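Working notes for the structure below.
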Amino acid sequence: MPILRPLACLLLLLPLVPLHAQTPSPAGGGQVIAHELDACLAEAQWQSEPALACAREAGIRWEEEVERLGARLDKVLGREARLALEASRAAWEEGGEADLALVEAYHDQLAEARLGDPELLPLSRQLHRNAVWEQRARFLQRLLEGLEEQRPDPIREVP
């Protein structure tokens with residue numbers, strides 16, 4: 029029954045598909061995190077424990093990416109925009125905690141109803157947690173990209 033495990037995993041992860049379909053691929057660190065997670069999951073052959081380790085590592089990296097992007101934005105924004113960024117960060121942390129609580133409750137209900145492969149539920153839970161962080165990182169990355177697009181080209185000297 030080796031085909032059943034990947035199929036069960038795909039069914040558990042199906043709710044994550046719209047997230048990736050609706051957002052542009054992240055630039056820089058986010059793209060690396062996503063590719064490395066995919067490679068790690070392929071190497072783990074979707075076996076529950078190794079795949080969960082891959083997802084946990086990616087989760088840590090998404091959290092670090094959110095911090096890195098927030099710090100970059102903080103350096104380039106003006107005073108008012110920095111204050112707005114701080115307010116946004118505080119609101120997102122509160123909302124992010126609520127989203128993570130929803131992920132936990134959702135997976136607890138799946139486990140209670142005995143839906144899905146019990147060995148894969150921790151992986152699904154972690155990947156959903158990662159999606160919360162990834163979404164914030166993508167938002168911050170889009171803001172940075174918008175600033176870079178608005179930056180005037182340096183004046184070129186004519187020889």
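Last residue of the sequence shown? That's 187 in our numbering, and every number before it is there in order. Heads up, the beta-carbon is just placed ideally off N, CA and C, and yes, glycines get one too. Predicted, not measured: the structure shown is a model, and the values here were computed from it.
As assigned by DSSP and simplified to three states, the class of Q50: Along the sequence shown, read from residue 1 onward, the residue named residue 50 stands at position 22. Bear in mind that a pLDDT of 39 at Q50, under 50, signals an unreliable position, so the model cannot answer this.
Within 9 angstroms, strictly: CB atoms of A165 and G57: Along the sequence shown, read from residue 1 onward, the residue named residue 165 stands at position 137. Along the sequence shown, read from residue 1 onward, the residue named residue 57 stands at position 29. In contact: A165 and G57 (Cβ atoms closer than 9 angstroms).
Integer-rounded CB distance, given that R110 should sit under 8 angstroms from D102: Numbered from 1 along the sequence shown, position 74 holds the residue referred to as residue 102. Numbered from 1 along the sequence shown, position 82 holds the residue referred to as residue 110. About 6 angstroms; that satisfies the 8 angstroms criterion.
Straight-line gap, H156 to A115 (C-alpha atoms, nearest Å): Within the sequence shown, residue 156 is the residue found at index 128, counting from 1. Within the sequence shown, residue 115 is the residue found at index 87, counting from 1. About 25 angstroms.
Limits of the alpha helix (DSSP H) - the one that D66 falls within: To locate residue 66, count along the sequence shown from 1; it is residue 38. Taken as a continuous stretch (DSSP letters only), the alpha helix (DSSP H) holding D66 covers 57-72.
Spatial distance of P54 from D136 (CA atoms): Position 26 of the sequence shown, counted from the start, is the residue given in the question as residue 54. Position 108 of the sequence shown, counted from the start, is the residue given in the question as residue 136. At P54 the pLDDT is 42, less than 50, meaning the model places this residue with poor confidence; the figure from the coordinates comes in the next sentence. Near 30 angstroms, if we compare the C-alpha coordinates of D136 and P54.
Buried versus exposed call for R153 [16 or more other C-beta atoms within 10 Å across all chains shown]: Residue mapping note: residue 153 aligns to position 125 of the sequence shown, counting from 1. Flag for R153 reads buried.
For R117, the three-state DSSP class (helix, strand or coil): For this step, residue 117 is matched to residue 89 along the sequence shown. Helix at R117.
Nearest-angstrom beta carbon gap, L172 and R100 [assumed within contact, 8 angstroms]: The sequence position of residue 100 within the sequence shown is 72, counting from 1. The sequence position of residue 172 within the sequence shown is 144, counting from 1. Going by Cβ atoms, the distance from R100 to L172 rounds to 6 angstroms, so yes, they are a contact pair.
Length of the line joining the Cα atoms of P46 and A159: Within the sequence shown, numbered from 1, the residue matching residue 46 stands at position 18. Within the sequence shown, numbered from 1, the residue matching residue 159 stands at position 131. Legend: pLDDT at P46 = 44, less than 50; position of this residue unreliable, no value from coordinates given.
Nearest candidate by alpha-carbon position, reference A81, set E64, A141, A119: Position 53 of the sequence shown, counted from the first residue, corresponds to residue 81. The shortest Cα separation from A81 among E64, A141, A119 belongs to E64.
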